[in-house]
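J.:
In the working numbering, the protein residues as written are 98 to 474.
#1: What does the Cβ neighbour count give for residue 289, buried or exposed, with the cut at 16 atoms within 10 Å?
#2: Look at the alpha carbon of residue 464 and the alpha carbon of residue 374, and state the distance between them as a whole number of angstroms.
#3: Near residue 396, which residues of its chain fall below 7 Å by C-beta distance, leaving aside the five closest residues on each side in sequence?
#4: Taking contact to mean 3 or more Cβ pairs, one atom from each stretch, closer than 8 Å, check whether the stretch 129-140 and the stretch 100-114 are in contact.
#5: Hey, how far is the Cα of residue 227 from the Cα of residue 402?
#6: So, under 8 Å CB-CB, residue 360 and residue 458 are touching, yes? Tell me the CB distance rounded to an integer number of Å.
#7: Per DSSP, residue 274 forms a beta bridge with which residues?
#8: List the whole-angstrom C-beta distance separating residue 145 from residue 234, where the pair is believed to meet the contact cut-off of C-beta under 8 Å.
#9: Would residue 444 pass as a contact of residue 389 if the rule is Cβ separation under 8 Å?
#10: Between 452, 243, 435, which lies nearest to residue 351 when the distance is taken from Cα to Cα?
#11: Identify the continuous beta strand (DSSP E) that holds residue 101 and give its terminal residues.
#12: Helix, strand or coil for residue 105? Go by DSSP, reduced to three states.
#13: Rounded to a whole number of angstroms, what is the C-alpha to C-alpha distance between residue 292 and residue 273?
#14: Closer than 7 Å by C-beta to residue 412: which residues in its own chain qualify, once you throw out the five before and the five after it? Chain order, please.
#15: Let me make sure I understand the geometry here. Which of 121, 250, 173 has the alpha-carbon closest to that of residue 153?
#16: Got a sec? Which residues, its chain only, sit under 7 Å from residue 108 by beta carbon, not counting five neighbours each side?
In structure tokens, the structure reads:
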């Protein structure tokens, strides 16, 4: 088990109640029939996914979405503008969608992927497919078949090979309130894009982050997703809030998520003061550095000489390439290192920063390090 599948074979397996990995333009997903309770239970078991974390129903047309979700004019406008594409729209549903998909909410997320192979499988199945990312819960989302098999080989029949994902970051998730769009999870379709196309928009993540910053100095996560608190002078780890058992508003909002297999340290600052003091150099033998800034850096400025000798430096100076390559870079760089440092410079989008903050063991900003006490979600 765990090889490559043709489209027809994948659709047949899904029809039999199995889970297979499919490519989309965003990330590879683990797909099953969204109306099949046992198949959904198997999907959640494979991923180790918390029951309070909803999954998105992927459809082959707006008509399929409205077969299961309540139609409304604003949703139709969004579908006309952005589907197929990386936009998930939460719609009210009338109970035909299993509780496992919605985590008990009266809203269900629908998306029409912009990928020929995924659409063909959905069309052959003729039902919505639940397709969360094809990885273990909390880990880095896969953007190549090899990344899928590195985590799920032996647990699924296989993966449809669509090459590397063209976008490489999960979809934007929005909720609708009358004529207003509420962004719950950022993606490449951002507030500026939506407003430029004539929509009224609020960004719930940004609003919650601003409120948290106003109420608690040093917070670097929104209340929806936990927070990294300031550490003491000894730089020991401090507590981080964990997800509550109540249903999450959308996928991707767990406080600890998207993590590579090694500790990730996020630098949200200029490098004039490098990583000192406080970076735990002594804990690692090898470190990789991902520079997401248009300006080059030198490892000797960033790391002690002992670590520079075997360090790997990768530079993504253009934003489009930085987005598409982010998860693949995290995967590749973490395979040969004990830790990973990511420089969040001017190549980083808001959606990328959201993912990196959730993946981070520690965050460096304002001349200080802030660390998590535990990496357990």
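Don't be surprised by glycine CBs; every beta carbon is placed ideally from N, CA and C.
Nothing here was measured: the structure is a model prediction, and the numbers come from that model.
T.: This is what the structure gives:
#1: exposed
#2: 8 Å
#3: 386, 405, 408, 410
#4: yes
#5: 48 Å
#6: 4 Å
#7: 277
#8: 5 Å
#9: yes
#10: 452
#11: 100-102
#12: helix
#13: 14 Å
#14: 388, 393
#15: 121
#16: 218, 221, 222
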